[in-house]
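To keep things clear, I will list the structure first and then write my remarks on it.
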Amino acid sequence: MDKPYQCSQCHISLSRKSHLVQHMKKHTREKPFKCSQCDKAFSNGSHLTRHMRTHTGEKQYKCSQCDKSFSNNASCIRHLRTHTREKPYQCTQCHKSFSLHNHLINHLRTHTREKPYKCSQCDKAFSNGSNLASHMRTHTGEKPFQCSQCDKAFSKGSNLASHMRTHTGEKPFQCSLCDKAFSNNRCRIHHLMTHTVENPYKCNQCDDTFLSNHSLVIHLRKHNGERPYQCSQCHKSFSKNSHLTKHLRTHT
């Protein structure tokens with residue numbers, strides 16, 4: 001398909017002028033479509049329509065393979081590919097395939113090193129808009145992803161999805177070497193190292209070794225005294241996020 005309309009900011013090509021106009025709003029941050037129920041605003045009407053369903057709870061798009069339903073068609077199509085394993089979008093550089101077109105676009109920037117999405121608060125830049133949006137929440141403290149089962153909220157949708165599995169008991173990440181399964185991929189990767197002969201991460205301050213770099217980083221704080229997790233209520237600091245979470249409950 002001919003794509004004569006090219007973005008001057010990130011050089012993506014589009015088939016229609018209206019699509020280019022819509023795309024440019026990602027760079028200008030223009031959001032003329034405002035929600036009447038909350039203070040959120042969007043760059044196009046379809047995103048506002050999709051957002052409104054978070055207020056109404058409407059899920060009109062039903063999966064033909066299982067009983068799940070979704071508030072927008074894109075989510076339904078994305079979910080369907082978990083049944084079909086279809087990955088129609090292929091990278092011309094390394095032939096890696098993706099189930100969604102925007103995943104391919106984001107991947108292509110790993111080859112070009114392009115980072116067109118710049119933070120307005122600091123000097124960081126990102127290869128895709130979702131990473132920028134996620135980063136912006138480190139400045140605003142916004143946690144828009146709320147659990148429907150408890151009162152917890154998260155800054156990232158992926159963190160909410162992982163948290164929801166503590167309610168459902170779902171463990172979709174399976175070890176390829178044994179029959180164990182896990183609620184998130186990080187735990188699966190950590191477990192995989194138990195099948196190796198030695199702990200690959202060694203402390204340069206003492207003789208301790210660890211299965212993961214994450215565990216080593218936490219251990220090193222015992223040596224350097226680093227406490228990166230600070231309470232916003234009393235400014236007490238902690239070496240682990242879990243310790244901060246536990247401490248925060250003393251304020252509630």
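Going by the UniProt record's numbering, the first residue of the sequence shown is number 1, and it counts up by one from there.
Note that the Cβ used here is the ideal one computed from N, Cα and C, for glycine as well.
Being a predicted model, the structure only gives us computed values, none of them experimental.
Buried or exposed for Lys62, please, with buried defined as at least 16 other CB atoms from any protein chain shown within 10 angstroms of its CB. Lys62 comes out exposed.
Counting beta carbon pairs with one atom in the region 173-193 and one in the region 209-220, are three or more of them shorter than 8 Å? Yes: at least three Cβ pairs fall under 8 Å.
The alpha helix (DSSP H) that contains Asn102, what's its start and end? Where Asn102 is concerned, the enclosing alpha helix (DSSP H) stretches over His101 to Thr112.
Does the region 30-47 come close enough to the region 8-18 to have 3 or more Cβ pairs within less than 8 Å? The region 30-47 vs the region 8-18: no contact.
For Leu244 and Cys91, what's the separation of their Cα atoms in angstroms? Approximately 42 Å between the Cα atoms of the pair.
Hey, would you say Arg53 sits closer than 8 Å to Ser71, going by beta carbons? Yes, Cβ-Cβ distance for Arg53 and Ser71 is below 8 Å.
Below 8 Å CB to CB, which residues in the same chain sit around His219 once its five sequence neighbours on both sides are set aside? Apart from sequence neighbours up to five positions away, the residues of its chain that approach His219 with a beta-carbon distance below 8 Å are Cys203, Asp208 and Phe210, ordered along the chain.
Is the distance from the Cβ of His107 to the Cβ of Lys96 below 8 Å? In contact: His107 and Lys96 (Cβ atoms closer than 8 Å).
Given that a residue counts as buried once 16 or more other Cβ atoms are within 10 Å of its Cβ, and exposed if not, what is Cys10? Cys10 comes out buried.
Measuring straight from C-alpha to C-alpha, what distance separates His247 and Asn241? The alpha-carbon separation between His247 and Asn241 amounts to approximately 10 Å.
For Tyr89, the nearest candidate out of His79, Leu80, Ile77 and Asn102 (CA to CA): Comparing Cα positions, the closest option is Asn102.
Per DSSP, cross-strand counterpart(s) of Thr82: Its beta-bridge partners do not exist; DSSP assigns none.
Is the beta carbon of Ser134 less than 8 Å from the beta carbon of Ser162? Ser162 is positioned such that its CB atom lies no closer than 8 Å to that of Ser134.
Would you mind stating whether Arg249 and Ser239 have Cβ atoms separated by less than 8 Å? Taking C-beta atoms as the reference points, Arg249 and Ser239 fail to come closer than 8 Å.
In chain order, what are the residue ranges of uninterrupted alpha helix (DSSP H) at least 4 long that sit wholly in the region 161-192? Here the runs fully enclosed are 185-192.
Would you identify the three-state DSSP class for Leu20, choosing helix, strand or coil? Leu20 falls in the helix class under three-state DSSP.
Identify the continuous alpha helix (DSSP H) that holds His219 and give its terminal residues. From DSSP, the alpha helix (DSSP H) with His219 extends over Asn213 to Asn224.
Member of Cys38, Ser46 and Asn159 whose CA lies at the smallest distance from the CA of Cys147: Checking every option, the nearest Cα to that of Cys147 belongs to Asn159.
Is Gln176 buried or exposed, if buried means 16 or more other CB atoms sit within 10 Å of its CB? Here residue 176 turns out to be Ser, not Gln, going by the sequence shown. Under this definition Ser176 is an exposed residue.
Based on the DSSP secondary-structure assignment, which residues constitute the bridge partners of Leu14? Leu14 is bridged to Tyr5.
Between Cys94, Ser99 and Cys122, which has its C-alpha nearest Thr110's C-alpha? If we check each option's Cα against that of Thr110, Cys94 comes out closest.
6 Å Cβ shell around Arg165 - same chain, five flanking residues per side excluded: Excluding residues within five positions, the ones whose Cβ falls inside 6 Å are Ser183.
By alpha-carbon positions, which one of Gln149, His23, Ser237 and Lys180 ends up nearest to Asn128? Among Gln149, His23, Ser237 and Lys180, the Cα nearest to that of Asn128 is on His23.
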